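Residue numbers (my numbering), protein chains in the order written: chain V, 438 to 596; chain L, 625 to 910.
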């Protein structure tokens with residue numbers, strides 16, 4: 438039986454993990470690059486994702502002259518669509534704002550009484566949007582025949 | 625690493641196996657990663673996953689505002705819960721590895737297995753979130769606080785797995801990755817409270833921890849809790865198996881080292897007899 442301790446070996450220690458190191462390094466480089474992109478996006482966009490309607494022209498970063506993302510509730514009965522254009526009014530904290538969305542179907546669960554975020558610019562007092570995100574609440578309620586009447590007045594749900 | 629399992633392991637294992645040739649085809653006892661416990665766990669997991677499918681797709685109701693798309697909720701929330709849990713387990717195991725009294729590579733392997741499963745589940749969270757976003761928000765991706773921080777958490781743990789693959793000894797791997805795991809886990813509260821800290825398109829939590837004000841329909845809530853339990857069972861099942869596979873990989877790695885050392889030793893011994901003297905005289909002449 439060979440009881441020689443390993444320490445007296447002249448041979449160099451054999452390589453571990455059979456030289457599969459570079460894929461891990463490549464992934465790490467990608468992760469670091471991705472991290473930089475995400476942090477940049479976070480600082481430039483995520484911290485203050487939108488301005489509320491009543492903050493336009495009042496809050497820092499919500500100046501009417503620049504491209505904005507504005508959040509408000511779609512006012513009941515204000516939605517009018519013809520062709521590619523949807524006109525509606527958003528309201529928040531008692532201040533309302535007319536919006537013209539000219540990029541086709543707003544998408545998502547866009548409807549009256551839901552809170553939306555509209556991306557766009559002001560032209561002649563109207564906020565012209567080219568992108569809409571529909572915020573939905575964290576409330577989930579079963580839809581069934583008995584409560585169809587409730588479903589129609591979604592404004593009450595949002596309140 | 626320091627296991628010395630005899631000088632010629634290849635020769636000793638081969639002789640008895642020839643006597644029982646049919647036994648070679650069937651799996652030797654204890655060679656797989658399954659035990660009685662994991663087999664039962666697997667059965668319970670699969671049954672509960674089937675129940676989730678039944679409740680999630682058939683028995684639970686549509687939502688008043690979102691309609692059918694609300695069903696994504698069960699997978700989306702169930703998987704992200706498991707991902708959080710997995711990353712916390714990774715951090716706790718890493719701490720247990722670093723702490724002198726509980727120092728063991730088993731903790732490191734649990735940490736690694738847990739992180740792998742966590743990354744897998746978080747990928748499902750991001751994917752389902754993206755699809756749900758398309759249906760309800762109207763867009764696949766939003767650079768808002770919740771989505772951005774979640775993406776950051778995800779790639780952090782992809783980075784953690786890459787750090788585990790950097791090579792070196794098992795102890796080096798364990799030490800490096802444990803430090804990363806303890807730093808990365810701090811991001812979880814940031815992600816969870818991002819919808820409160822910053823303005824977000826994403827909704828708040830419906831089943832919050834401290835406030836008992838649950839804003840979910842009864843059967844929806846039941847389905848969500850069922851999904852959370854089922855995904856947690858699935859996580860435990862996966863981690864147990866993955867951790868055992870990692871133990872085998874490490875053992876194989878050590879075995880490879882032992883064999884390589886034995887080879888070098890034999891090489892050195894033969895070189896010492898035949899080449900040792902000429903090289904010594906060569907040095908003298910130079």
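All C-beta atoms, glycine included, are put in the ideal place defined by N, C-alpha and C.
Being a predicted model, the structure only gives us computed values, none of them experimental.
| query | result |
| --- | --- |
| Where the beta strand (DSSP E) containing residue 825(L) begins and where it ends | Residue 825(L) -> no beta strand (DSSP E), and no H or E assigned at all. |
| When 792(L), 704(L) and 788(L) are compared against residue 735(L), the one with the closest alpha-carbon | 788(L) |
| Backbone secondary structure at residue 686(L) - three-state DSSP | strand |
| C-beta neighbour in chain L for residue 496(V), strict 8 Å | no |
| Length of the line joining the Cα atoms of residue 585(V) and residue 526(V) | Residue confidence is low: residue 585(V) scores 46 on pLDDT, short of 50, so the model does not pin down where it sits. Its coordinate-derived value is still stated next. Roughly 25 Å separates the two Cα atoms. |
| Residue from 458(V), 535(V) and 476(V) whose Cα sits closest to the Cα of residue 767(L) | 476(V) |
| Buried versus exposed call for residue 503(V) [16 or more other C-beta atoms within 10 Å across all chains shown] | exposed |
| Residue 694(L) vs residue 770(L) beta-carbon contact at 8 Å | no |
| Chain-ordered chain L contacts of residue 471(V) [CB-CB under 7 Å] | 779 |
| At least 3 beta-carbon pairs within less than 8 Å: the segment 802-815 of chain L vs the segment 860-875 of chain L | no |
| Under the three-state DSSP convention, the category residue 794(L) falls into | helix |
| Distance between beta carbons of residue 876(L) and residue 798(L), contact taken as under 8 Å | Going by Cβ atoms, the distance from residue 798(L) to residue 876(L) rounds to 17 Å, so no, they are not a contact pair. |
| Cβ of residue 894(L) within 8 Å of any chain V Cβ | no |
| Closer than 8 Å to chain V by CB, residue 870(L) | no |
| Straight-line gap, residue 576(V) to residue 697(L) (C-alpha atoms, nearest Å) | 12 Å |
| Contacting residues, own chain, Cβ-Cβ under 7 Å from residue 565(V) (five flanking each side not counted) | 537, 539, 557 and 558 |
| DSSP-derived helix/strand/coil call for residue 895(L) | helix |
| The segment 670-687 of chain L contacting the segment 838-848 of chain L, beta-carbon criterion three pairs below 8 Å | yes |
| Amino acids of chain L, ordered along the chain, whose beta-carbon sits closer than 8 Å to that of residue 574(V) | 689, 827 and 839 |
| Straight-line Cα distance separating residue 856(L) from residue 747(L) | 16 Å |
| Pair within 8 Å by beta-carbon distance, residue 546(V) and residue 555(V) | no |
| Buried versus exposed call for residue 895(L) [16 or more other C-beta atoms within 10 Å across all chains shown] | exposed |
| Close-in-space but distant-in-sequence residues of the same chain around residue 866(L) (CB under 7 Å, 5 per side omitted) | 737, 740 and 741 |
| From 701(L), 667(L), 668(L) and 780(L), residue whose alpha carbon lies closest to that of residue 827(L) | 701(L) |
| Min CB distance residue 732(L) to chain V below 8 Å | no |
| Near-chain V residues of the segment 750-770 of chain L (beta-carbon distance less than 9 Å), N- to C-terminal order | 757, 758, 759, 760, 761, 762, 763, 766, 767, 768, 769 and 770 |
| Contact list for the segment 530-547 of chain V against chain L, Cβ threshold 7 Å | 543, 544, 545, 546 and 547 |
| Beta-carbon spacing of residue 571(V), residue 761(L) below 8 Å | yes |
| Cutoff 8 Å: residue 484(V) Cβ touching any chain L Cβ | yes |
| Residue 805(L) versus residue 786(L): straight-line alpha-carbon distance, rounded | 12 Å |
| Segments assigned alpha helix (DSSP H), at least 4 residues, entirely inside the segment 530-570 of chain V | none |
| Cβ of residue 799(L) within 8 Å of any chain V Cβ | no |
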